[in-house]
Amino acid sequence: MSVRSLIVAAIAVAVAVAFADSSIVVLALPELYGTFDTSIEGVAWVITSYNLMLAVAALLLVFVVHRVRANVLLAGGALVFLGGSIACAFANSIGFLIGARSVQGLGGALLLAGSLPVLAALVGSSARGVAIWTAAGTFGAGMGPALGGILTQAFDWRAIFVAQAPVAGLALLGATGAHVHATLEEGWTSGLRRTTPANAALALVSGALVGALFLGVVLVIDVFGLPPIAGAAVVSAIPVATLLARPVATALPVPLAVGAGTLLLSAGLIGLAFLPSSQLAYTVGSFALCGFGLGLSVPGLSHAVLGGDGIGRKATFTVGVRHLGLVLALAVVAPVLTGDLFEAAEVAELNATAVIVDGEIPATTKVPLALDIRDTIDRVPEGEIPDFTAVFDEHGSTTDATVRAVHDELVAAIEEAVTRGFRSSFLFCAVLAALALIPVAAFRRRLE
Amino acid sequence: MDRRIAVGILVALFVGALALVGIEFANGAADAGALAVRDPCEPRSAFPGQGLDATLQRLVLDGLDGAACELGATREELVLSLSPRSKPDIGWDDEAIERALRAGLLGAIDDAEQRGSLNAIVAALLRQFAERAPVQWLIDGGQGIAGLFD
């Protein structure tokens, strides 16, 4: 493999990681919550700060990037991203971590703005550069939660950021070693305005992905109680399906692939909205549909956005728009989900009480069990789902099938009520994906 | 990849998506996680089983239903309101809850006696218990009551 190919690979991996970082810490949220004495909102800002800074920085960069050489932009972005990653790894407070994530977001914006022209110059063709950049970005966006979950389970949440440092370092070396003339030359042109429909669709798809990459992951970890590595295995259905969709997407007309992709993404989110139980087959199937939707829609839309001249500025603009869509969707979903989960907790309490009261176990077991359950609930921090295994074990669930049946029914009642609390948010995201069809259908000729 | 194969895969994916959502609804997705408590004023199937434990549980559950019906709450809300640490607002003070609970238990004892589930002596003893025992003792002492008859 030539040095040039290695540099291309290093930059492509850095692009994938910069996109993956939008959702890479989702599976580590419970660990972050435990490490820092903070609130749910505080932990959520670890995700939001990166995406918000990246969106704002990228949209501002659109107006100035033509004054800077792409190599310099890429090197500067990799350096800032490297510094931000190291700072995240050594964070000792939630405030510091949020600040370091913002620095990472700034680095990510610079890195993504400079990477496409450099890639195009390295491979000698804008079309090939766009293909590599789009594939890396699409796969990276899908693999974020799974990658973060594996690193968290294998090591620690800090490993997520430790692992990113060498990736950024290699991109930095690649940017400084790539002796190519790559610029982001043009100003605000009509070509950029023509990308508005595809960018609008990308923003809506990015917003819809909040359902799969954030809500779906939180559901699997916090409600179904899977450990990070098991959660990563379930969530990996998204990047696997994204990869499988690639040959299908290339064989279809772009408008058809994009339209079908948005509908499949919407269908996957509807699947997540109507999970009848915590059986993982439903969740994996829904995630796979989301992954196929992502793999079919995003490459076609990205190619539509990045076609023609001036790929650097177009890439910067679309990065900003995509992350803006994600941040806006998060801003809508967060309060909706909080309110719904508050109501779901009340329903879960009443349904769980019904399970205990109606449980076909002797009163001599039922009454002390109910009192111990009450004590367990009292000890659990607000926002967490209690684990009743130990309580039921103390009352004979390991030997008495009737007690075990009550345990299973109780856990199912609570999980189902809380899962239902996610329904409106998933449906909102499904609507966003379906809405992406409007600009796709209205401007389908621009996608061809 | 040939376009026809790609279109075939696309069709299979849409069929799969429809099948997934269809299976979810067939397995109760519409009602999964919804409030599953019943109207305490409506008759419901009796707590199953035989022997004193099951009889006493039937009495207590029927009593709770009667009390909840009188208060306009659900049985589950009433049970939760009895805990000093988790009191859902059911719009009644402690005295009203205690009065309704005693009335509900007495009604359940009367019904059980009329059905022949309790003989007159046990029913009379339980009536005394329901009329005089402190409410918290009624709840926390359930274990002891059942134990008395083991």
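Chains as they are written, first to last, in the working numbering: chain E, 33 to 480; chain R, 126 to 275.
Beta carbons are placed, not taken as given, at the ideal position from N, Cα and C, and that holds for glycine.
Can you give me the start and stop residues for the alpha helix (DSSP H) that residue i sits inside?
i	result
GLY181/E	158–186
ALA151/R	128–151
CYS166/R	No alpha helix (DSSP H) holds CYS166/R; DSSP gives it neither H nor E.
GLU441/E	433–453
SER147/E	126–155
ALA347/E	343–390
ALA233/E	228–242
SER206/R	200–206
ILE409/E	395–411
ASP425/E	421–426
ALA51/E	Rather than Ala, the amino acid found at residue 51/E in this sequence is Phe. PHE51/E -> alpha helix (DSSP H) spans 35–52.
ILE13/E	Lying outside 33 to 480, the shown extent of chain E, residue 13/E is not represented and no answer is given.
GLY66/E	61–67
So what's residue i in DSSP terms, helix, strand or just coil?
i	result
ARG101/E	strand
LEU186/R	helix
ALA1/E	Outside the shown range of chain E (33 to 480) lies residue 1/E, about which nothing can therefore be said.
ASN244/R	coil
SER334/E	helix
GLN175/R	coil
GLY219/E	Below a pLDDT of 50, predicted positions are generally treated as unreliable, and GLY219/E, at 48, falls in that range; the measurement from the model is reported next regardless. Here GLY219/E sits in coil by DSSP.
GLU483/E	Not covered by the structure: residue 483/E. The range shown for chain E is 33 to 480.
THR430/E	coil
PRO418/E	coil
GLY191/R	helix
VAL58/E	helix
SER170/R	coil
VAL88/E	helix
ASP235/R	helix
VAL94/E	coil
TRP495/E	Only positions 33 to 480 of chain E appear in the structure, and residue 495/E is not among them; the question remains open.
LEU325/E	The identity of residue 325/E in the sequence shown is Gly, whereas the question assumes Leu. DSSP places GLY325/E in helix when its eight states are reduced to three.
TRP217/R	coil
PHE458/E	helix
ALA271/R	With a pLDDT of 40 at ALA271/R, under the threshold of 50, the predicted position of this residue should be treated as unreliable, though the coordinate-derived value follows. Reduced to three states, the DSSP call for ALA271/R is helix.
ALA121/E	helix
ALA80/E	According to the sequence as given, residue 80/E is Thr; it is not Ala. Correct three-state label for THR80/E: helix.
ALA207/E	helix
PRO108/E	According to the sequence as given, residue 108/E is Gly; it is not Pro. Helix.
THR180/R	helix
SER318/E	helix
ALA225/R	helix
Is residue i a contact residue of the ligand ZN, with contact defined as CB to any heavy atom under 7 Å?
i	result
ALA305/E	Ligands are entirely absent from the displayed structure, and the ligand ZN is therefore not among its contents.
Listed in chain order, which residues of the stretch 290–319 of chain E have Cβ atoms closer than 8 Å to some Cβ of chain R? Under the 8 Å Cβ criterion, the stretch 290–319 of chain E contributes ALA292, LEU295, LEU296, ALA299, GLY300, ILE302, GLY303, PHE306, LEU307, PRO308, SER309, TYR314, GLY317, SER318.
Three CB pairs or more closer than 8 Å across the stretch 190–197 of chain R and the stretch 220–228 of chain R: Yes: the two stretches touch, three or more of their Cβ pairs being nearer than 8 Å.
What ranges does the alpha helix (DSSP H) occupy inside the stretch 248–316 of chain E, keeping only unbroken runs of at least 4 residues that lie completely in it? Runs found: 260–267, 269–283, 286–305.
Positions along the stretch 137–170 of chain R whose CB lies within less than 7 Å of some CB in chain E: Within the stretch 137–170 of chain R, the qualifying residues are LEU138, ALA142, LEU145, VAL146, GLU149, PHE150, ASN152, GLY153, ALA154, ALA157, GLY158, ALA159, LEU160, ALA161, VAL162.
Listed from N- to C-terminal order along the chain, which residues in the stretch 447–471 of chain E have their beta-carbon within a distance smaller than 9 Å of any beta-carbon of chain R? Shown in chain order are the members of the stretch 447–471 of chain E whose Cβ falls below 9 Å from a Cβ of chain R: GLU447, GLU448, ALA449, VAL450, THR451, ARG452, GLY453, ARG455.
Scan the stretch 91–116 of chain E for residues whose Cβ lies nearer than 8 Å to a Cβ of chain R and list them as they occur along the chain. Within the stretch 91–116 of chain E, no residue has a Cβ lying closer than 8 Å to any Cβ of chain R.
With a threshold of 8 Å, are at least 3 pairs of Cβ atoms found where one atom belongs to the stretch 355–362 of chain E and the other to the stretch 234–245 of chain E? Judged by Cβ distances under 8 Å, the stretch 355–362 of chain E makes contact with the stretch 234–245 of chain E, as three or more pairs qualify.
Listed in chain order, which residues of the stretch 181–204 of chain R have Cβ atoms closer than 9 Å to some Cβ of chain E? Within the stretch 181–204 of chain R, the qualifying residues are LEU181, GLN182, VAL185, LEU186, LEU189, THR199, ARG200, GLU201, GLU202, VAL204.
Contact the stretch 294–307 of chain E vs the stretch 461–477 of chain E: 3+ CB pairs below 8 Å: Yes, since at least three Cβ pairs between the stretch 294–307 of chain E and the stretch 461–477 of chain E fall closer than 8 Å, the two stretches touch.
Could you check whether the stretch 140–156 of chain E touches the stretch 86–96 of chain E, counting it as contact only if at least three pairs of C-beta atoms, one from each stretch, sit closer than 8 Å? The stretch 140–156 of chain E makes contact with the stretch 86–96 of chain E; the number of CB pairs closer than 8 Å reaches 3 or more.
Taking beta-carbon pairs under 7 Å, can you tell me which members of the stretch 51–63 of chain E lie near chain R? For the stretch 51–63 of chain E, the set of residues with a beta-carbon nearer than 7 Å to any beta-carbon of chain R is empty.
Give me the subset of the stretch 383–406 of chain E whose CB atoms are less than 8 Å from a CB atom of chain R, sorted by chain position. Cβ contacts with chain R: ASN383, THR385, ALA386, VAL389, ASP390, GLU392, PRO394, ALA395, THR396, LYS398, VAL399, PRO400, LEU403, ARG406.
Would the stretch 158–167 of chain R count as touching the stretch 447–457 of chain E if we require 3 or more Cβ pairs under 8 Å? With three or more CB-CB distances shorter than 8 Å, the stretch 158–167 of chain R counts as touching the stretch 447–457 of chain E.
Just checking, does the stretch 238–252 of chain E make contact with the stretch 49–58 of chain E on the three C-beta pairs under 8 Å criterion? Yes, they touch.
Meets three-Cβ-pair contact criterion under 8 Å: the stretch 404–419 of chain E and the stretch 175–183 of chain R: With fewer than three CB-CB distances shorter than 8 Å, the stretch 404–419 of chain E does not count as touching the stretch 175–183 of chain R.
Quick one: any contact between the stretch 393–400 of chain E and the stretch 455–465 of chain E, if contact means 3 or more CB pairs under 8 Å? In short, these stretches do not touch, since the Cβ pair count stays below three.
Mind listing which residues of the stretch 352–374 of chain E have their C-beta closer than 9 Å to chain R's C-betas, in chain order? Close to chain R, meaning a Cβ-Cβ distance shorter than 9 Å, is no residue of the stretch 352–374 of chain E at all.
At a CB distance below 8 Å, what residues from the stretch 243–258 of chain E approach chain R? Give them in sequence order. Correct list: empty, as no residue qualifies.
With three or more beta-carbon pairs closer than 8 Å as the criterion, would you say the stretch 167–176 of chain E touches the stretch 253–263 of chain E? The stretch 167–176 of chain E vs the stretch 253–263 of chain E: no contact.
The stretch 170–184 of chain E touching the stretch 260–272 of chain E, judged by at least three CB pairs closer than 8 Å: Verdict: yes, contact present.
Kindly confirm or deny that the stretch 308–325 of chain E and the stretch 338–347 of chain E touch, where touching means at least three C-beta pairs closer than 8 Å. The stretch 338–347 of chain E and the stretch 308–325 of chain E do not touch, with fewer than three beta-carbon pairs separated by less than 8 Å.
For the stretch 225–251 of chain R, enumerate the residues whose C-beta is nearer than 9 Å to any C-beta of chain E, in chain order. If the cut-off is 9 Å between Cβ atoms, the stretch 225–251 of chain R has nothing near chain E.
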